[in-house]
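What follows is a short report on a single structure.
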Amino acid sequence: MPKLKLGVLASGRGSNFQSIIDAIDRKTLKAEIALLITDNPDAAAIQRATKHHVEYLAIIPKEFNSRDAFYTKVAGELQKRGVGLVLLAGFMRIVGRPLIDAFPHRIMNIHPALLPAFPGLHGQKQAVEYGAKISGCTVHFVDEGMDTGPVIIQAAVPVYHFDTEETLSERILKLEHRIYPEAVRLFSEGRIEVEGRIVRIKEQSPSDQSVVNPRVRA
Ligand code: GRF
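When we follow this note's numbering, the leftmost residue of the sequence shown carries the number 356, and every step to the right adds one.
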C-alpha cells in the first residue's frame with residue numbers, strides 16, 4: 356500500500372506538527388509529510404519543517420482577493436502533492452469551503468478541550484474559568500463550523516482548583532501529542548468510518564497487528 360501523504364497547516368509553535376514528525380520517525384505511523392503550509396511567515400513550525408526536510412509554503416491570506424481564493428490556492432497546493440489527509444495543527448483560521456470540498460472527511464483538527472465544551476480560542480482558559488473538573492483534548496474532522504465536526508478521539512485530564520491556563524494547557528498538550536498521531540495512524544490503516552456525526556473505529560485485522568501498533572501484541 357502506498358504511504359499516506361499528509362499536508363499540515365500550522366500558524367505558530369507547531370508542537371503538534373512535531374508530534375506527527377516524531378511518530379513517523381519512530382515508525383509508529385506509516386505516512387510521510389508532503390507539505391507544511393503556514394499563514395504566518397514567522398511561525399516556529401517553519402523551523403521544524405526545515406530541520407526535518409519537509410517542504411513548506413507560506414501562503415498569506417491578505418495577498419488574496421477573497422477567503423475562497425486563499426483556500427482554493429491552499430487546496431491546489433495540497434492536491435498537487437497527492438496529499439490524502441490534511442492536518443490542522445494550531446491553524447488559527449476557520450477553514451473555507453474550497454478546502455473542505457477538496458478533502459471531504461479528510462481534514463482533521465486537534466482542539467484543547469472536550470468538545471462540544473469550550474470550542475473556539477483558549478479552550479483551556481475557558482475550562483479553568485468555568486470551574487470544570489475534567490477537560491482534555493479532541494481530534495475531530497473539520498467542517499465549516501468552529502470546532503463542530505465529527506469527533507474521532509478524545510482524551511481527558513483532571514482540572515484542579517489551583518490550575519491556571521498555563522498549567523492546564525501543559526497537562527492537555529501532553530495528551531494532544533499522543534492522540535493526534537494515534538488518529539492519523541487509524542486513518543492511515545483505513546480504520547475510520549464516518550456516518551453523519553458518528554465516527555466508527557474498525558478493529559485492526561490480526562495480520563496487520565504487529566506492523567504498526569506494537570502495543571496490541573502486549
Ligand atoms: C494546541 O493547543 C492545539 O490544540 C490548538 O492550538 C494549539 C497549537 O499548538 N488547536 P502547537 O502549535 O501545535 O504547538
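Even glycine gets a Cβ: it sits at the ideal position worked out from N, Cα and C.
My output table needs one value for valine 506: the three-state DSSP class, helix, strand or coil.
strand
Along the chain, where does the beta strand (DSSP E) that runs through asparagine 464 open and close?
462–466 is the extent of the beta strand (DSSP E) around asparagine 464.
Judging by CA-CA distance, which residue of Pro471, Lys406 and Glu499 is the nearest neighbour of aspartate 456?
Glu499
For a test of the three-state rule: what should DSSP assign to tyrosine 515, helix, strand or coil?
coil
Is there contact here, the stretch 406–416 with the stretch 381–394, by at least three beta-carbon pairs under 8 Å?
yes
Regarding isoleucine 465 and the ligand GRF, is the C-beta to nearest heavy atom distance less than 7 Å?
Indeed, a heavy atom of the ligand GRF lies less than 7 Å from the Cβ.
Hey, lysine 385 and serine 543: beta-carbon distance below 8 Å or not?
yes
Starting from serine 370, follow the beta strand (DSSP E) in both directions and report where the run begins and ends.
From DSSP, serine 370 is part of no beta strand (DSSP E) but of the alpha helix (DSSP H) over 370–380.
Quick check: is any heavy atom of the ligand GRF less than 7 Å from the C-beta of glutamate 531?
yes
Between proline 416 and the rest of its own chain, which residues show a CB-CB distance below 8 Å, the 5 nearest in sequence each way excluded?
The beta carbon of proline 416 lies closer than 8 Å to those of Asp394, Arg422, Phe425 and Arg448 in the same chain, with the five residues before and after it left out.
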